[in-house]
Structure formats: C-alpha cells, structure tokens
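Numbering (full-length UniProt numbering), first residue to last: 1 to 342.
Dropping the structure here:
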C-alpha cells in the first residue's frame, strides 16, 4: 500500500508537468507529421529545462558536534549543550530511520539539536530534505528565517518552501521566489513551480504549519501528494505538547505512515506525559517494545534505544515579590504605575 500511494502521487506530478503549456507548448497541426523520436526527445529536454527543477539535494557527511554546531549555527564548540550533542549521537545510532523525541525546557537549543540531528539522519537514510512543522503561522514564519540561515550554511543549494495559508504575505519567502531558475551555489531558493496549496510541500526543505502534516492522515483529495511531500525527507515536528487530543490522534496516524515509509522523524517538546510518549513511539513502530518507566528529564527517547537523560543547566532566576491588598483600585493603581513606560 505505501508504494502504491507514492506511485499515484508521482503520476499526478508527472501529469501536471507534462500538461503544462509553459513547459511543453502545443504544436501546430501543420507541424505534426507523425512519430518523430528526435523531435520528441528535444521537446522533453527543452521542457525540462524550462521547468528548471534543481538537482537532488544530498546531505553532506556529518561532522562531530564540536564541528557541526559552530559551522551551522555559530555556537562555539565549548558552548554546545549536552542535549544538543546527545541528539547527534542518538541520530547516529538510529542508522537512518526511526523516531526520536527530544524533551527539554525552553532555551536549551532543541531547534538546533533537531536540525543537526536531521543532517545526520538525512545522510544515513539518503533523505533529500527536511519538513519542519510548527503549531501556528506566527511560529512558522519565525522558524522560516532560522531554517533559511541554516540552509545558507550548508555546502549545497536546495529549494525552500513556506507552507501555510498566508505564505504570500511573508516578505522573506516572496523574496526567494525565482521563476524556473535554480542557482547551483550554496543557499536556499524558492522555486516558482513549487508554490501553492498542493505543491509547496514538494520542495526539498519545507517549513509549515502542523496541519500540512496532519492532512496526510486524513481522507482527502490528493492526499497522496501529502505523503509524497513527507516521504524521502526527515520530518521534524515542534511543540508536540501543544497539540490537543484530536490533533494527537491524527499525528499518531501520520506516524504510522511515516514508519511504513521508514521516514526519520524528530519530535520536540517541552515535556510529555509518559503515556503520551509511549503512544507516539508505538505508533511509529508497533513491533518494538517501549520502556514504560519514566526516563527522567531532560531526555531523548528513540525507537530501539534506551532513553538518555541530561542535566538541567544551572540557571538562577531572581524574583521580586510585591504583596498587594485584595482590592481592585489598589491593583489598578499598581498597574498604572508600572505600565506607564510600556
């Protein structure tokens, strides 16, 4: 079944390309004299050149955490957090496929850890891109810039897409769009043909809202294109703790498909209940036993591996406590005083 779904998607994409008159202009009736293999071959080459799809992105050979984090994110080698280095080590042990869950508090560099781990998983699995999903359009827009800067530091260029309903309002994304042209130098570019509701997910690197992923678990028109957008990539899903029961059920269904495709998946969360973590791991690979005991915190869990825990950073916060009378007028006066300067 997974193979048939992807084949159906490929046929749809091939049909859209072949029937596009911008790439393959219609012949005049006077020019049609019967089968001409040479003319047909030339027509295909010219049409493919007009489409201008980029060469397949290939992940570079991953270095050590001490090499990767300074090169990709400007983080000094001695400032790399243990959870970040641990994510890279867990990714290496996954050997190209599986589900990784990173649980850590805000500010510990989960995003950088996920992108570094995604490089390792893409190299080991042969994946040709990354799909990063977030809960809202605002967080997606903010992440788009971070992913673009990461891509600009990769040694080869790749197509980048912003996938949500108001992507056309994002100035940074619109500035990347080039029609039918791909620069071979390193960096990100938005291809004009890989735009729109049904095709934006087909770019090699996609930053989109979580619904773009959850639709793959829903019976809908052209759902096979949603599957094609995820297959062959490393899928990173942020803020997993923010999804309600309804969305979580669809997420589990999508993880079942991704497990069948052997797509590497990285889930990021501030924290997860033990039962929720177990359900996610089992959804991806129901054949593997999942440890039921609490792994500790912060932690990285992965299919087929013992969870790893890491120390919390020693961060001290000073808190000033003002006691106020339980009176609305006193509260209003207090707020006027302290909010006067914004």
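All C-beta atoms, glycine included, are put in the ideal place defined by N, C-alpha and C.
Can you say whether residue 328 is buried or exposed, counting buried as having 16 or more other CB atoms within 10 angstroms of its CB?
exposed
Could you say if the stretch 197 to 210 and the stretch 157 to 172 meet the contact criterion of at least three C-beta pairs nearer than 8 Å?
Enough Cβ pairs lie closer than 8 Å, so yes.
What is the DSSP secondary structure of residue 308, reduced to helix, strand or coil?
strand
Jot down the residue ranges of each uninterrupted beta strand (DSSP E) in the stretch 107 to 173, minimum 3 residues, whole runs only, in chain order.
130 to 134, 158 to 163
Inside the stretch 220 to 247 only - alpha helix (DSSP H) runs reaching at least 4 residues
223 to 230
Rounding to the nearest angstrom, what Cα-Cα distance links residue 223 and residue 232 in this structure?
16 Å
When DSSP labels each residue in this structure, what does residue 207 get in the three-state scheme?
strand
Using CA atoms only, rank isn't needed, just tell me which of 140, 326, 191 is closest to residue 55.
191
Output yes or no for whether 7 Å exceeds the beta carbon distance between residue 143 and residue 151.
no
Can you check which of these residues, 153, 237, 297, 238, is closest to residue 71 by C-alpha distance?
With distances taken between Cα atoms, residue 71 lies closest to 153.
Compute the Euclidean distance between the alpha carbons of residue 297 and residue 50, then round it to the nearest angstrom.
52 Å
Beta bridge counterpart(s) of residue 319 as assigned by DSSP
Residue 319 pairs with nothing; no bridge assigned.
Rounded to a whole number of angstroms, what is the C-alpha to C-alpha distance between residue 148 and residue 188?
6 Å
Could you give the distance in angstroms between the alpha-carbon of residue 345 and the alpha-carbon of residue 115?
The structure shown does not extend to residue 345, since the chain spans only 1 to 342, so no value can be given for it.
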